[in-house]
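Take 376 as the starting number for the sequence shown in the numbering used here and just add one per residue.
We treat Cβ as the ideally placed atom computed from N, Cα and C, and that holds for glycine.
Please read all numbers here as calculations on a predicted model, not as lab measurements.
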Amino acid sequence: MLDRSSRPRTTTPLRVDADGEPLRLLHVHAHPDDESSKGAATTARYVAEGVQVLVATCTGGERGSILNPAMERPDILANITEVRRAEMERARQLLGVEQVWLGFVDSGLPEGDPLPPLPEGCFGLTDPAESCAPLVRVIREFRPHVITTYDENGGYPHPDHIMCHRVSVAAWEAAADPQAFPELGEPWAASKLYYHFSFHYDRMLALHEAMLRHGLESPYAERMKDWTRDPAHQDRITTRVPCAEYFSVRDAALLAHATQVDPHGAWFAVPLDVQTEVWPTEDFELAQSRIGPTRPEGGLEDDLFAGIAVPAVG
């Protein structure tokens, strides 16, 4: 049995599936802080509704840069592994989720031209056919109805994000296969696999234009100058989850990762009321489904558990 951080009990009536089982959601992320920067308001909403949520963190973030100037201290650098674990624990508590470490070593973000080779033994160099095993065990133990991860580009081209995608897809398939890793428990076929779709053109443009309308400086001004809309990419969105009332929980969890997030930086430049006004959802792509088509009929979904959940009990 994998060691999972405990989840606080909820008094909210549980959302359940057709068999009366509580709904379960598994997020697979590359590093500590990714669970707070991608889909965290959705997470907080589902926790409030009684959904059981587990975050599987692939690496410890050991090679992540310190992005908050206030945390650039020798004591932080000397203990970065322990510091990032402590940050993850604070974020976990704020989000109200369980969390498990898969035990891989951060690859770091290579820079330069040409790019340097990745460090020996890092996550980005693993073989997903084998390195999916810890995640297969998690899936078979937790039995999620829904799994989320990144798309084939990792959301952005970090080697750990790309490997997180590959490992997640391999584990989605292997966990349901009785012939794969039989020593890791009874097979479990999750119903749906989603990709996070947070930082896309339409959302960034809407926030940028809203800031200008309000007479505020947009943190996206430079980025939007050279960003051309890709209709095919935008069309990949299948699901928009309303979660604006949990944006403040998302931000608090993100701030818990103090080595990674500057509280005075671009992450927090757009006021919450502006975000709520122009983009009150977090967005996803339904990449694979075992219960129906991946392109929902009749328009976009508004629930990751569409087709799975029945009305809450209690």
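Residues sharing a beta bridge with residue i, DSSP
i, result
"glutamate 703", "Outside the modelled stretch of the chain, which goes from 376 to 689, sits residue 703, for which no answer is possible."
"arginine 399", "Gln427"
"tyrosine 570", "Thr524, Glu660"
"tryptophan 563", "In the DSSP output, where bridge partners are listed per residue, tryptophan 563 has none listed."
"threonine 434", "Phe479"
"alanine 684", "Asp392"
"histidine 575", "DSSP, once it has assigned bridges, lists no residue as partnering histidine 575."
"glutamine 474", "Val430"
"glutamate 447", "DSSP output for glutamate 447 lists no bridge partner at all."
"histidine 404", "Thr432"
"glutamate 676", "Thr614"
Nearest-angstrom Cα separation, counted from residue j out to residue i
i, j, result
"glutamate 660", "threonine 614", "6 Å"
"threonine 456", "proline 686", "42 Å"
"alanine 466", "histidine 406", "13 Å"
"glycine 575", "aspartate 409", "According to the sequence provided, residue 575 is histidine. The question's glycine does not apply to it. Cα-Cα distance, rounded: 16 Å."
"arginine 459", "glycine 673", "43 Å"
"alanine 416", "glycine 530", "18 Å"
"arginine 512", "tyrosine 569", "19 Å"
"proline 503", "arginine 399", "24 Å"
"methionine 446", "proline 671", "45 Å"
"threonine 669", "alanine 662", "6 Å"
"phenylalanine 556", "valine 542", "14 Å"
"glycine 439", "alanine 423", "31 Å"
"glycine 483", "proline 492", "11 Å"
"aspartate 601", "tyrosine 595", "11 Å"
"leucine 490", "leucine 630", "31 Å"
"alanine 546", "alanine 393", "25 Å"
"alanine 550", "proline 494", "29 Å"
"threonine 634", "cysteine 618", "26 Å"
"glutamate 558", "isoleucine 522", "22 Å"
"glutamate 486", "aspartate 648", "37 Å"
"serine 664", "proline 449", "47 Å"
"glycine 560", "glutamine 554", "11 Å"
"arginine 598", "valine 391", "42 Å"
Rounded Cβ spacing between residue i and residue j (contact assumed at less than 8 Å)
i, j, result
"valine 472", "valine 428", "4 Å"
"isoleucine 666", "glycine 640", "About 40 Å separates the two Cβ atoms, so there is no contact after all."
"leucine 442", "valine 636", "7 Å"
"alanine 419", "valine 624", "4 Å"
> Where are the alpha helix (DSSP H) runs, 4 residues long or more, that stay fully inside the region 579-627, in chain order?
Replying inline: Secondary structure in the region 579-627: the alpha helix (DSSP H) runs of 4 residues or longer, each lying completely within the stretch, are 596-600, 606-609 in chain order.
> So does the region 513-523 actually touch the region 565-572, counting three or more Cβ pairs closer than 8 Å?
Replying inline: The region 513-523 is in contact with the region 565-572.
>> Three or more C-beta pairs under 8 Å: does that hold for the region 486-503 against the region 529-539?
In response: Counting Cβ pairs under 8 Å, three or more are found: they touch.
> Is the number of C-beta pairs between the region 652-659 and the region 574-593 that are closer than 8 Å three or more?
Replying inline: A contact exists between the region 652-659 and the region 574-593.
> Along the chain, which unbroken stretches of the beta strand (DSSP E) at least 3 residues long are found entirely within the region 494-553?
Replying inline: If we require 3 residues or more, the beta strand (DSSP E) runs fully inside the region 494-553 come out as 521-524.
>> Could you check whether the region 425-440 touches the region 608-624, counting it as contact only if at least three pairs of C-beta atoms, one from each stretch, sit closer than 8 Å?
In response: The answer is no - the region 608-624 does not touch the region 425-440, with fewer than three Cβ pairs under 8 Å.
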